[in-house]
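Residue numbers (my numbering): 1401 to 1538.
Using N, Cα and C, we set each Cβ at its ideal position, and we do this for glycine too.
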Amino acid sequence: MKLEEKISRNDFLKKLGFTGASLFALYSLDSCVNEGSVNPATVTIDLSSSQYSALTKSGGYVVVNNMVVANNGGTYVAATISCSHEGKKQITFRNGEWYCTAHGARFSTAGKGLNSNASKGLTVYTTSLSGNTLTISA
Ligand code: FES
């Protein structure tokens, strides 16, 4: 009887170890997926989709995967949604420049700071248009 208990405990521990490793792998995979969704290397947008209709007008913008994408007079620009001032995810597009609604930081479309709260600049992304497909590259 005692032998059976020891074997059973060993099996249980092996099984528990396997489960722990599986959970670790699962958590690691989940972590990578989450990191990947934040500013991935390349994002494509179908401009014909009603989801992105704001981009059909100059000055319109949308938020996609923690990026702000805007129509700037017929050309498309993109930047991170995270402000370099205090990290608030409040970047918008206003009057042809990036604008943070938290404390008023203003950035050029190239990411250059235009006032004191914007002195660290803003990360911007490259855009390219092919037909109705807008590609944003980090
Ligand atoms: S966090 Fe954007 S201006 Fe302060």
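- Scanning G1487, T1480 and L1455 for the CA closest to the CA of A1510 turns up T1480.
- Under DSSP, no beta-bridge partner is assigned to T1501.
- Comparing alpha-carbon positions, the option among T1527, N1532 and F1507 lying closest to G1521 turns out to be F1507.
- The alpha carbon of K1488 has as its nearest neighbour, out of K1457, M1467 and Y1476, the alpha carbon of M1467.
- Of the residues assessed, E1486 falls on the exposed side of the cut-off, its CB having fewer than 16 other CB atoms within 10 angstroms.
- Y1525 and C1500 have their C-alpha atoms spaced approximately 17 Å apart.
- For the 8 Å CB-CB criterion, I1536 and V1463 do not form a contact.
- Checking the 7 Å criterion, the Cβ of G1504 is within range of a heavy atom belonging to the ligand FES.
- For the ligand FES, a non-hydrogen atom lies closer than 7 Å to the CB of Q1490.
- Secondary structure at A1441: coil, using DSSP grouped into helix, strand and coil.
- With 16 or more neighbouring CB atoms inside 10 Å of its own CB, L1534 falls in the buried class.
- The C-beta distance from F1493 to Y1461 rounds to 4 Å, short enough to fall under 8 Å.
- DSSP places N1472 inside the beta strand (DSSP E), whose first and last residues are M1467 to N1472.
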